[in-house]
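K.L.:
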Amino acid sequence: TKSGGYHLIYRAPNIMGNKKLAKSAETKEAIIETRGEGGYIAIAPTPGYTFDRGSLADIPMLTADERNHLISQAITFNEVEEKVYYSDNCFEAYNERGDVLKLLQGHGWVIKKDNGDKVLLKRPGDTDSMWSADYTRSKNWFTVFSTSTVFESLKAYKPANVFAMLECEGDLKLTAKKLKELGFGSDGPPRTEANSAPKPQPKTKEVVIPDDFIASKAELDGYVDKVRSGDIEMGLTTGFIEFDKYFRFKLNNFVICNGHDNVGKSVFIWFLAMISARKHGWKWIIYAAENRVGFAFNKLVEFYVGKPIIELTVEELTEAKKFVHEHFTFLKNEDIYSYKQILKMGEELCKKSSYQGLFVDPYNSLDVDMGEYNRESTHDYHYKATSEFRLFSKKYCGIWISCHAVTYALR
1 TKSGGYHLIY
11 RAPNIMGNKK
21 LAKSAETKEA
31 IIETRGEGGY
41 IAIAPTPGYT
51 FDRGSLADIP
61 MLTADERNHL
71 ISQAITFNEV
81 EEKVYYSDNC
91 FEAYNERGDV
101 LKLLQGHGWV
111 IKKDNGDKVL
121 LKRPGDTDSM
131 WSADYTRSKN
141 WFTVFSTSTV
151 FESLKAYKPA
161 NVFAMLECEG
171 DLKLTAKKLK
181 ELGFGSDGPP
191 RTEANSAPKP
201 QPKTKEVVIP
211 DDFIASKAEL
221 DGYVDKVRSG
231 DIEMGLTTGF
241 IEFDKYFRFK
251 LNNFVICNGH
261 DNVGKSVFIW
271 FLAMISARKH
281 GWKWIIYAAE
291 NRVGFAFNKL
301 VEFYVGKPII
311 ELTVEELTEA
321 KKFVHEHFTF
331 LKNEDIYSYK
341 QILKMGEELC
351 KKSSYQGLFV
361 DPYNSLDVDM
371 GEYNRESTHD
381 YHYKATSEFR
391 LFSKKYCGIW
401 ISCHAVTYAL
411 R
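Counting from 1, one number per residue, gives the positions in the sequence shown under my numbering.
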């Protein structure tokens with residue numbers, strides 16, 4: 001287009017009207033939108049417009065699933081959230097603590113795939129589509145692509161609004177009443193920003209401190225003496241001279257590996273784990289939520305020998321499997337666990353044997369179990385989880401986690 005943008009022209013079985021999919025935080029204007037029934041666009045030979053690929057004589061046909069995927073990815077670029085203000089905290093409390101996926105499943109929706117930040121769901125009833133909607137954890141909203149549900153297509157719903165549609169036929173007063181009965185604050189309908197009142201300040205909790213909270217003179221002087229004598233203990237080598245300049249294996253460390261999904265974080269850390277096991281005898285607990293445990297085991301076997309699994313001799317395979325079994329313990333991933341459950345499993349295993357690493361892969365896959373009457377925000381919850389990870393790593397074994405940090409806020 002003449003503004004430097006692009007039009008993607010395609011056919012699909014079901015096309016609805018014009019929809020704004022993503023807006024700019026700076027201008028609040030649409031940066032990605034659809035043109036469907038009743039919509040118009042300018043094309044070549046209008047000055048400034050060209051066809052870079054294809055022609056109007058051969059417009060490709062997308063399946064419903066392909067179109068859903070395209071729309072879903074476009075929505076992730078939205079930078080503007082339409083805020084709804086409530087007269088009390090029951091709607092906000094459900095948005096923060098309500099289990100919207102469990103609610104949807106109770107109404108016949110089926111989770112088809114969980115990618116950490118994005119959960120793909122299939123609507124109840126007969127449909128040829130592999131999935132009909134998605135829930136985005138980082139934005140905490142549910143978006144439907146099908147027109148055969150009670151939800152408006154391509155509209156983002158917060159958990160409380162999903163509850164209203166499924167449990168109360170969209171009646172917000174009834175929704176507030178039911179949410180209060182479930183322990184999510186007091187009842188009351190949504191209110192506008194103009195008449196929104198400030199939230200009451202929480203009561204100050206009594207601060208408790210330990211009896212011994214001052215670092216000792218011996219500890220401080222001892223560190224200085226070690227620096228002067230060159231006796232500061234270095235981390236263990238990774239086997240790569242250049243990499244060692246920036247990173248080394250250290251006992252009881254808390255290590256976070258951030259990155260987009262599907263860039264190889266899991267395989268990279270499995271590789272480092274194998275190096276630590278072979279060079280330094282480290283033992284690991286592995287929780288691989290997004291991969292089959294057999295796949296992780298297979299990669300570790302290959303890393304041990306340095307060859308693809310199909311090229312291993314019987315002797316090499318036997319030796320490699322024995323080593324991996326002795327140095328790696330895999331947690332089942334058939335259920336979704338909270339961070340507290342993972343730490344409890346790690347604690348039980350560390351009491352029975354010596355481990356140097358617990359790898360949680362990824363953190364995004366863990367259940368956010370805030371308890372029915374817990375009033376803390378999700379930010380508070382994750383901050384608390386981070387603190388408990390640090391404490392665990394100091395007391396039992398080092399913790400390594402991977403994170404799908406796809407936005408600045410999430411990082």
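Positions of the beta carbon are idealized from the N, C-alpha and C atoms, including for glycine.
In angstroms with no decimal places, state the Cα-to-Cα distance between Ser413 and Ser3.
P.N.:
Summary: the structure shown does not reach residue 413, with the chain confined to residues 1 through 411, and so no result is reported for it.
K.L.:
So is Leu103 in contact with chain B if we call contact Cβ pairs under 8 Å?
P.N.:
Protein chains in the displayed structure number just one, and chain B is not present.
K.L.:
Find out if the Cβ-Cβ distance for the pair Val324, Phe297 is shorter than 8 Å.
P.N.:
As a working note, residue 324 is residue 324 in the sequence shown. As a working note, residue 297 is residue 297 in the sequence shown. Result yes, Cβ atoms of Val324 and Phe297 sit closer than 8 Å.
K.L.:
Taking 7 Å as the cut-off, is the beta-carbon of Lys344 closer than that to any non-hydrogen atom of the ligand MG?
P.N.:
Ligands displayed in this structure: none; no statement on the ligand MG is therefore possible.
K.L.:
How big is the Cα-Cα spacing for Leu366 and Gly54?
P.N.:
Here residue 366 corresponds to residue number 366 of the sequence shown, with the count starting at 1. Here residue 54 corresponds to residue number 54 of the sequence shown, with the count starting at 1. The alpha-carbon atoms of Leu366 and Gly54 are separated by roughly 44 Å.
K.L.:
Does Trp400 come out as helix, strand or coil in the three-state DSSP assignment?
P.N.:
Within the sequence shown, numbered from 1, the residue matching residue 400 stands at position 400. DSSP places Trp400 in strand when its eight states are reduced to three.
K.L.:
Taking all protein chains shown into account, decide if Arg97 is buried (16 or more other Cβ within 10 angstroms of its Cβ) or exposed.
P.N.:
Taking the first residue of the sequence shown as 1, we reach residue 97 at position 97. Counting Cβ neighbours within 10 Å, Arg97 comes out buried, since at least 16 surround it.
K.L.:
Go through the segment 122–166 residue by residue and report every complete run of the alpha helix (DSSP H) that reaches 4 residues or more, in order.
P.N.:
The qualifying runs do not exist here; there are none.
K.L.:
Where Cys90 and Glu79 are concerned, what is the direct C-alpha to C-alpha distance, given to the nearest angstrom?
P.N.:
Against the sequence shown, residue 90 aligns to sequence position 90. Against the sequence shown, residue 79 aligns to sequence position 79. Computed Cα separation, rounded: 26 Å.
K.L.:
How many angstroms separate the CA atom of Gly239 from the CA atom of Asn252?
P.N.:
Within the sequence shown, numbered from 1, the residue matching residue 239 stands at position 239. Within the sequence shown, numbered from 1, the residue matching residue 252 stands at position 252. Their Cα atoms are separated by approximately 20 Å.
K.L.:
How many angstroms separate the CA atom of Ala286 from the CA atom of Lys322?
P.N.:
Translated into positions along the sequence shown, residue 286 becomes position 286. Translated into positions along the sequence shown, residue 322 becomes position 322. The question names Ala, but residue 286 in the sequence shown is Ile. In a straight line, the C-alpha of Ile286 is about 17 Å away from that of Lys322.
K.L.:
Would you mind working out which of Met274, Leu101, Tyr10 sits nearest Asp452, comparing C-alpha positions?
P.N.:
With the chain running from 1 to 411 in the structure shown, residue 452 is simply not present.
K.L.:
To the nearest angstrom, how far is the alpha carbon of Asn14 from that of Leu174?
P.N.:
As a working note, residue 14 is residue 14 in the sequence shown. As a working note, residue 174 is residue 174 in the sequence shown. Cα to Cα, Asn14 sits roughly 34 Å from Leu174.
K.L.:
Expressed to the nearest angstrom, what Euclidean distance is found between the alpha-carbon atoms of Met130 and Glu233?
P.N.:
One-based indexing of the sequence shown puts residue 130 at position 130. One-based indexing of the sequence shown puts residue 233 at position 233. Those two C-alpha atoms are separated by around 54 Å.
K.L.:
Am I right that Val119 and Asp134 are in contact with their C-beta atoms under 8 Å? What's the rounded C-beta distance?
P.N.:
Looking up residue 119 in the sequence shown gives position 119. Looking up residue 134 in the sequence shown gives position 134. 6 Å between Cβ atoms; contact.
K.L.:
Using the C-alpha atoms, what's the distance from Asn140 back to Ala30?
P.N.:
Residue numbering aside, residue 30 sits at position 30 when the sequence shown is read from its first letter. Residue numbering aside, residue 140 sits at position 140 when the sequence shown is read from its first letter. Cα-Cα distance, rounded: 21 Å.
K.L.:
Say whether the segment 15–26 touches the segment 149–165, bearing in mind that this needs 3 or more beta-carbon pairs closer than 8 Å, one atom from each stretch.
P.N.:
yes
K.L.:
Apart from the five residues on each side of it in sequence, which residues of its chain come closer than 8 Å, Cβ to Cβ, to Leu62?
P.N.:
What you label residue 62 is simply residue 62 of the sequence shown in a count that begins at 1. Excluding residues within five positions, the ones whose Cβ falls inside 8 Å are Tyr10, Arg11, Ala12, Leu70.
K.L.:
Exposed or buried, Ile401, counting other C-beta atoms within 10 Å across all chains shown (16 or more means buried)?
P.N.:
Counting from one through the sequence shown, the residue named residue 401 turns up at place 401. So Ile401 ends up on the buried side.
K.L.:
Leaving aside the five residues before and after Gly398 along the sequence, list all residues of the same chain whose C-beta is less than 8 Å from its C-beta, in chain order.
P.N.:
If you number the sequence shown from 1, residue 398 lands on position 398. Once the five neighbours on either side are set aside, the close Cβ partners of Gly398 are Lys250, Leu251, Asn252, Asn253, Phe254, Val255, Gln356, Gly357, Leu358.
K.L.:
Say whether the segment 338–357 touches the segment 277–296, bearing in mind that this needs 3 or more beta-carbon pairs closer than 8 Å, one atom from each stretch.
P.N.:
yes
K.L.:
Name the DSSP bridge partner or partners of Ala176?
P.N.:
On the sequence shown, residue 176 is found 176 positions in, with the first residue counted as 1. DSSP, once it has assigned bridges, lists no residue as partnering Ala176.
K.L.:
Are Ala164 and Asp171 touching if we call contact CB-CB under 8 Å?
P.N.:
The residue given as residue 164 occupies position 164 in the sequence shown. The residue given as residue 171 occupies position 171 in the sequence shown. Yes; because the gap between Cβ atoms is below 8 Å, this pair is in contact.
K.L.:
So, is Arg67 buried or exposed, given that buried needs 16 or more other C-beta atoms within 10 angstroms?
P.N.:
As a first step, residue 67 must be located in the sequence shown, where it is residue number 67. Arg67 comes out buried.
K.L.:
So, with DSSP's three-state summary, where would you put Lys394?
P.N.:
Looking up residue 394 in the sequence shown gives position 394. In this structure, Lys394 counts as helix in the three-state DSSP scheme.
K.L.:
Specify the secondary structure class of Ala74 as computed by DSSP and reduced to three states.
P.N.:
Along the sequence shown, one-based indexing puts residue 74 at 74. Correct three-state label for Ala74: helix.
K.L.:
Can you name, in chain order, every residue of its own chain whose Cβ lies under 6 Å from the Cβ of Asn195, other than the five neighbours on each side?
P.N.:
Along the sequence shown, read from residue 1 onward, the residue named residue 195 stands at position 195. With a pLDDT of 42 at Asn195, under the threshold of 50, the modelled position of this residue cannot be trusted; read the value that follows with caution. Contacts found: none.
K.L.:
My guess is that Thr237 and Asp231 are in contact by the Cβ rule of under 8 Å, so how many angstroms apart are they, rounded?
P.N.:
Residue mapping note: residue 237 aligns to position 237 of the sequence shown, counting from 1. Residue mapping note: residue 231 aligns to position 231 of the sequence shown, counting from 1. Actually they do not touch by this definition, with Cβ atoms about 18 Å apart.
K.L.:
Please classify Leu56: is it buried, with 16 or more other beta-carbons within 10 angstroms of its beta-carbon, or exposed?
P.N.:
To locate residue 56, count along the sequence shown from 1; it is residue 56. Classification of Leu56: exposed, given that the 10 Å Cβ count is below 16.
K.L.:
Which of the three DSSP states is assigned to Ser435 in this structure?
P.N.:
A query on residue 435 cannot be resolved here, the shown segment of the chain reaching from 1 to 411 and no further.
K.L.:
What are the boundary residues of the beta strand (DSSP E) that includes Lys113?
P.N.:
For the purposes of this step, residue 113 is taken as residue 113 along the sequence shown, with counting starting at 1. Element bounds for Lys113: 110–114.
K.L.:
Alpha carbon to alpha carbon, how far is Cys168 from Asp128? Give it in angstroms, no decimals.
P.N.:
Working through the sequence shown from its first residue, we reach residue 128 at position 128. Working through the sequence shown from its first residue, we reach residue 168 at position 168. Approximately 28 Å between the Cα atoms of the pair.
K.L.:
What is the DSSP secondary structure of Met274, counted as helix, strand or coil?
P.N.:
On the sequence shown, residue 274 is found 274 positions in, with the first residue counted as 1. Helix, per DSSP.
K.L.:
For the alpha helix (DSSP H) that Asp361 lies in, which residues bound it at each end?
P.N.:
Residue mapping note: residue 361 aligns to position 361 of the sequence shown, counting from 1. Careful: Asp361 lies outside any alpha helix (DSSP H), inside the beta strand (DSSP E) at 357–361.
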